[in-house]
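For the sequence shown, the residue numbers in the UniProt record's numbering are 1 to 311.
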Amino acid sequence: MLRWFARRLLLAVPVVLGVVTISFILMHLAPGDPARSALGEKADPAAVAALRHQWGLDKTLPAQYVSYLNQLLHGDLGTSLYYHTSITTLMAQRLPVTLALIVMSAVLASLISIPLASRSASRPNGATSFVIRLFNAVIQGSPTFFVGSMLILFLGVRVAIFPAGGYPSGFGARAWALVLPALTIALSIVPLLVRGLRAAMIESLGSEYVAFARSKGLPESPIRHRYVLRNAGISGVSILGIQVGALASGALVIEQVFAIPGMGSMLMTGILNRDYAVVQACTLMFGLVVVVVYLVTDLVYARLDPRARLS
């Protein structure tokens with residue numbers, strides 16, 4: 001198992017390096033000048049040139065890339081050109097918010113998908129299954145920001161169960177404020193989870209071990225929980241792990257809709273202000289989150305299915 005995990009860990013290194021390289025190149029190829037954005041369009045050219053020299057932007061692109069990699073190897077994410085503070089300080093404030101939002105979204109997606117998939121798999125051609133498939137089609141065809149806006153309108157304004165936006169102080173108030181944005185992100189991956197779990201459950205229901213369990217006289221409820229749901233969970237773990245990228249990208253948009261001070265809002269501010277350090281650090285952090293989740297998914301999958309460890 002240790003060798004298996006070590007191989008997975010080594011494969012993650014070039015992925016992270018690729019994320020760092022691509023984000024660095026794309027950000028520097030994007031139009032605009034950070035020094036000009038910071039000083040204004042009417043700033044003196046000499047002042048702009050001096051600021052570019054201070055920030056090291058007058059060096060060649062390979063020299064800037066080598067300098068950036070050297071900073072990363074020493075654990076230095078740099079200083080924000082817009083916030084004028086350390087990126088590490090900003091990460092300490094923003095990253096926990098986004099991670100909490102992603103984790104809550106994954107939990108809500110699982111809580112919604114498992115009952116829907118189980119109900120749909122029990123009677124694949126029934127009316128309930130048709131309604132669930134119709135619900136999935138509507139949700140999958142709706143943009144995330146539209147779903148979030150509708151939830152704000154109905155649950156945040158008209159019914160006023162949840163806050164319509166913002167991030168108050170206090171653990172309980174913050175957790176309650178994250179429910180609505182987390183539900184918005186969760187609904188974006190629910191259709192994929194329901195379809196995957198439903199197909200796995202239908203296959204399990206028609207298997208020989210389920211037929212053998214029924215022949216022994218076991219009730220239907222234990223059969224579904226011990227055999228069907230457990231085996232279908234392997235497929236669910238894989239789908240949920242793959243969709244972590246969708247959860248992270250959904251957080252970028254939803255944090256803007258709900259005015260949540262997380263990594264997404266910081267990344268958008270960095271892009272609009274040509275803040276190279278912020279954009280590169282946020283991209284690197286999102287890439288690390290996805291890589292770590294993929295590693296955890298592999299471990300859970302190997303735990304649930306020993307054949308994965310043998311391969």
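Using N, Cα and C, we set each Cβ at its ideal position, and we do this for glycine too.
Straight-line CA distance for Y276 to A182? As a working mapping, residue 276 is identified with position 276 in the sequence shown. As a working mapping, residue 182 is identified with position 182 in the sequence shown. Cα-Cα distance, rounded: 29 Å.
Cα separation between K59 and Q71? Position 59 of the sequence shown, counted from the start, is the residue given in the question as residue 59. Position 71 of the sequence shown, counted from the start, is the residue given in the question as residue 71. Rounded to the nearest angstrom, the two C-alpha atoms are 16 Å apart.
Measure the beta-carbon distance from R198 to S120 and round it to whole angstroms, keeping in mind my assumption that it falls under 8 Å. If you number the sequence shown from 1, residue 198 lands on position 198. If you number the sequence shown from 1, residue 120 lands on position 120. Going by Cβ atoms, the distance from R198 to S120 rounds to 5 Å, so yes, they are a contact pair.
With DSSP as the reference, please indicate the residues paired to S86 in a beta bridge. Translated into positions along the sequence shown, residue 86 becomes position 86. Its beta-bridge partners are T79.
Below 8 Å, can you find three or more Cβ-Cβ pairs linking the region 229–238 to the region 152–164? no
For M150, count the other beta carbons within 10 Å of its own beta carbon; 16 or more makes it buried, fewer makes it exposed. Which is it? In the sequence shown, counting from the first residue as 1, residue 150 sits at position 150. Exposed, by the Cβ-count rule.
In the DSSP assignment, find the alpha helix (DSSP H) that holds A175 and state where it starts and stops. Position 175 of the sequence shown, counted from the start, is the residue given in the question as residue 175. Here the alpha helix (DSSP H) through A175 covers 171–205.
Kindly indicate which three-state DSSP category I161 falls into: helix, strand or coil? Sequence index remark: in the sequence shown, residue 161 carries index 161 (1-based). Correct three-state label for I161: coil.
So, for G28: in the same chain, excluding its five sequence neighbours on each side, which residues have a beta-carbon less than 8 Å away from its beta-carbon? Numbered from 1 along the sequence shown, position 28 holds the residue referred to as residue 28. According to the sequence shown, residue 28 is His rather than Gly. Within the same chain, H28 has close Cβ partners L61, Q64, Y276.
Could you give the C-beta distance for L193 and S113, rounded to a whole number, given that I count them as a contact under 8 Å? As a position in the sequence shown, residue 193 is number 193, starting the count at 1. As a position in the sequence shown, residue 113 is number 113, starting the count at 1. Indeed, because the Cβ distance is near 4 Å, the residues count as touching under 8 Å.
If I follow the unbroken alpha helix (DSSP H) through L228, where does it start and stop? Working through the sequence shown from its first residue, we reach residue 228 at position 228. Note on residue identity: the sequence assigns Val, not Leu, to residue 228. Unbroken run through V228: none, as it is neither H nor E.
Exposure label - E41; buried when at least 16 CB within 10 Å: By 1-based counting over the sequence shown, the position of residue 41 is 41. Under the 10 Å beta carbon count, E41 is surrounded by fewer than 16 other beta carbons and is classified as exposed.
Mind checking F130: buried by the 16 CB within 10 Å criterion, or exposed? The residue labelled residue 130 in the question sits at position 130 within the sequence shown. Flag for F130 reads exposed.
Do you know whose CA, among Y294, V228, V138, V279, lies nearest G78's CA? Within the sequence shown, the letter at position 78 stands for residue 78. Residue V279 is the option with its Cα nearest to G78.
Check whether the Cβ atoms of V300 and G241 lie closer than 9 Å to each other. Position 300 of the sequence shown, counted from the start, is the residue given in the question as residue 300. Position 241 of the sequence shown, counted from the start, is the residue given in the question as residue 241. In this structure, G241 lies closer than 9 Å to V300 by Cβ.
In whole angstroms, give me the CA-to-CA distance for Y294 and P124. Mapped onto the sequence shown, residue 294 falls at position 294. Mapped onto the sequence shown, residue 124 falls at position 124. Using only the alpha carbons, I get a separation of about 31 Å.
Closest residue to L267 among P45, S80, R52 (Cα-Cα distance): Residue numbering aside, residue 267 sits at position 267 when the sequence shown is read from its first letter. When only C-alpha atoms are compared, the closest one is S80.
Quick one: Cα of G56 to Cα of N231, how far? For the purposes of this step, residue 56 is taken as the residue at position 56 of the sequence shown. For the purposes of this step, residue 231 is taken as the residue at position 231 of the sequence shown. If I take the Cα positions, the gap works out to 55 Å.
What separation, rounded to the nearest whole angstrom, lies between the Cα atoms of E203 and G156? The residue given as residue 203 occupies position 203 in the sequence shown. The residue given as residue 156 occupies position 156 in the sequence shown. The alpha-carbon atoms of E203 and G156 are separated by roughly 40 Å.
Count the other C-beta atoms from every protein chain shown that fall within 10 angstroms of the C-beta of Y209, then say buried if there are 16 or more, exposed otherwise. Stepping through the sequence shown from its first residue, residue 209 is reached at position 209. Using a 10 angstroms sphere on the CB of Y209, the tally of other CB atoms stays under 16, which defines it as exposed.
How long is the line joining the alpha carbons of F24 and S118, rounded to whole angstroms? If you number the sequence shown from 1, residue 24 lands on position 24. If you number the sequence shown from 1, residue 118 lands on position 118. So the two alpha carbons sit approximately 45 Å from each other.
Beta carbon of V190, beta carbon of A109: below 9 Å? Position 190 of the sequence shown, counted from the first residue, corresponds to residue 190. Position 109 of the sequence shown, counted from the first residue, corresponds to residue 109. Their beta carbons are under 9 Å apart, which means V190 touches A109 by this criterion.
My guess is that T144 and T184 are in contact by the Cβ rule of under 8 Å, so how many angstroms apart are they, rounded? The sequence position of residue 144 within the sequence shown is 144, counting from 1. The sequence position of residue 184 within the sequence shown is 184, counting from 1. Going by Cβ atoms, the distance from T144 to T184 rounds to 6 Å, so yes, they are a contact pair.
Looking only at its chain, what residues have a beta carbon closer than 7 Å to the beta carbon of V228, apart from the 5 residues adjacent to it on each side? In the sequence shown, counting from the first residue as 1, residue 228 sits at position 228. The answer, listed in chain order, is M201, S204, L205, V210.
Alpha carbons only, please: which of G217, P31, A12 is nearest the one belonging to R274? Position 274 of the sequence shown, counted from the first residue, corresponds to residue 274. Nearest option by C-alpha distance: P31.
Beta-carbon within less than 6 Å of T283's beta-carbon, same chain only, minus the 5 sequence neighbours each way: which residues are those? Numbered from its first residue, the sequence shown carries residue 283 at position 283. S23.
With DSSP collapsed to three states, give me the class of E220. For the purposes of this step, residue 220 is taken as residue 220 along the sequence shown, with counting starting at 1. DSSP places E220 in helix when its eight states are reduced to three.
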